[in-house]
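All the letters of the sequence shown, read from the start, carry residue numbers 950 to 1102 under my numbering.
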Amino acid sequence: MVDRPLNTEAQNRKEQRAVIIMGSKSDSDFSKNITDELERYGIDYDTIAMSAHKQTEALLELLNTYNESGGKIIYVTVAGMTDALSGVVKGNVISPVISCPPPRKDAPGGYYFLSSLESPSKISNMTILNPKNAALAVAEIFALNNPQLASVL
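Here it is in structure tokens:
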């Protein structure tokens, strides 16, 4: 599921873009907290539901498309439980990856986040539990090279 598909025109302009990849459609409500904040900051984004476990080949093809776009991209991955998504994404891109696992009622402490924290060597995804703070982190990273965005933070 690609809610907001990769925009070829935006790719060609090499714009800053956040890519929100959810492990499943059930993460949509949680991800809306991220996209609402991104909109507030005026940051373009794509939202995609794709399982690293069940759709690995399609995910790798998608990442390759973004890699070839030449755009400045920050990925936010939204996946609970084992969170293979964050590791697979980070292992295949050089762009920043922010893991933002959704809360779960059945998880100890309300989150399954340890798999987001315990990555193999050279897999440097960051973990932020609060979706609004994940969007803020995206904005702050983009603001390093965007004075207009920096002025609104």
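Idealized CB from N, CA, C, for every residue including glycine.
Because the structure is a prediction, the values reported are computed rather than measured.
query: Reference Ser1000; option with closest CA among Asp985, Lys974, Ile992; result: Lys974
query: Distance CB(Leu1102)-CB(Tyr990) smaller than 9 Å; result: yes
query: Paired residues, beta bridge with Val1087 - DSSP; result: According to DSSP, Val1087 bridges with nothing at all.
query: Proximity to Ala1033 [Cα-Cα], best of Gly1020, Pro1052, Thr1005; result: Thr1005
query: Residue burial classification, Asp978 (beta-carbon count within 10 angstroms, cutoff 16); result: exposed
query: Buried versus exposed, by CB contacts within 10 Å (16 or more), Glu986; result: buried
query: Alpha carbon of Asn1041 to alpha carbon of Tyr1015, nearest angstrom; result: 11 Å
query: Supposed contact pair Phe1091 and Ile997 - C-beta distance, whole angstroms, cut 8 Å; result: Contact flag wrong, Cβ pair sits at about 19 Å.
query: Buried versus exposed, by CB contacts within 10 Å (16 or more), Lys1071; result: exposed
query: Asp995 - containing beta strand (DSSP E), residue span; result: 994-998
query: Within 9 Å, strictly: CB atoms of Asp995 and Ala967; result: yes
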